[in-house]
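Asker: Position one of the sequence shown corresponds to residue 4 (my numbering), numbered consecutively onward. C-beta atoms are modelled at their ideal positions from N, C-alpha and C, and glycine is treated no differently. Let me give you the structure first, and then I'll get to my questions.
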Amino acid sequence: MADTEKTFVAIKPDGVQRGLVGEIIGRFEKRGLKLVGLKLLKVPQEMAEKHYGEHKGKPFFEGLVSFITSGPIVAMVWEGKGAIALTRTIIGSTNPAQAAPGTIRGDLALDIGRNVVHASDGPESAPREIGIFFNNNEVIGCWSRNIDPWVVEQPLTCASK
Ligand code: IDP
Ligand code: MG
Numbered sequence: 004m005a006d007t008e009k010t011f012v013a014i015k016p017d018g019v020q021r022g023l024v025g026e027i028i029g030r031f032e033k034r035g036l037k038l039v040g041l042k043l044l045k046v047p048q049e050m051a052e053k054h055y056g057e058h059k060g061k062p063f064f065e066g067l068v069s070f071i072t073s074g075p076i077v078a079m080v081w082e083g084k085g086a087i088a089l090t091r092t093i094i095g096s097t098n099p100a101q102a103a104p105g106t107i108r109g110d111l112a113l114d115i116g117r118n119v120v121h122a123s124d125g126p127e128s129a130p131r132e133i134g135i136f137f138n139n140n141e142v143i144g145c146w147s148r149n150i151d152p153w154v155v156e157q158p159l160t161c162a163s164k
């Protein structure tokens with residue numbers, strides 16, 4: 004059974020510009036994930052290069068960094084059972100042309116360079132990316148919702164997290 008995890012998700016500048024913030028946040032909320040961190044920010048150049056460090060040297064790197072720094076993004080931390088893999092499923096394939104209908108990219112995007120959303124791709128990148136965008140005291144990783152028992156059969160209590 005998958006454990007409760009935290010993962011980093013961002014609505015990229017195209018998603019903010021297109022007025023998709025509410026739509027995108029709503030998809031994670033409705034799935035049952037819990038919002039534990041949220042901010043609107045303009046990403047500084049160095050932060051963008053660090054976040055996308057694994058892509059340095061690739062042909063799309065410069066364009067990607069200039070795109071991600073071009074306007075405000077919505078940075079979020081979502082928590083839930085198996086949240087890291089689940090969030091990747093919810094956003095869909097990197098190239099929206101191949102993303103399944105029902106996914107965020109499959110429903111709301113069509114170009115790989117304007118794919119509206121980011122999500123950490125695994126258990127190493129999730130804490131790394133959360134740490135780039137959030138201080139510890141900005142992640143509220145221990146709040147319980149009354150709906151939790153309606154979302155998971157055995158919700159974790161804060162003490163056991
Ligand atoms: P991911 O966002 O699904 O994790 P990555 O391979 O990590 O995909 O790539 C990071 C981002 O870089 C993508 O979301 C996309 O915005 C951009 N990107 C990746 N490959 C290309 C490409 O071939 N052309 C243009 N942009 C790309
Ligand atoms: Mg990635």
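Inspect the CB distances between the stretch 10-18 and the stretch 71-79 and report whether three or more fall short of 8 Å.
Answerer: yes
Asker: So, with DSSP's three-state summary, where would you put A86?
Answerer: helix
Asker: Classify G116: buried if its beta carbon has 16 or more other beta carbons within 10 angstroms, exposed otherwise.
Answerer: Exposed is the call here.
Asker: I71 by DSSP, collapsed to three states: which one?
Answerer: helix
Asker: Could you tell me the alpha carbon to alpha carbon distance between L111 and Q157, rounded to whole angstroms?
Answerer: 34 Å
Asker: Under a Cβ-count criterion, where at least 16 other Cβ atoms within 10 Å of its own Cβ denotes burial, should F137 be classed as buried or exposed?
Answerer: Under this definition F137 is a buried residue.
Asker: When you measure from the CB of T97 to every non-hydrogen atom of the ligand IDP, does any distance come out below 7 Å?
Answerer: yes
Asker: So, at 7 Å on beta carbons, what are the nonlocal neighbours of M50 in its own chain, with the 5 sequence-adjacent residues on each side left out?
Answerer: I135
Asker: Is W81 helix, strand or coil when you go by DSSP?
Answerer: Reduced to three states, the DSSP call for W81 is strand.
Asker: Can you confirm whether the stretch 25-45 touches the stretch 88-102 when touching is taken to mean that 3 or more C-beta pairs between the two stretches lie within less than 8 Å?
Answerer: yes
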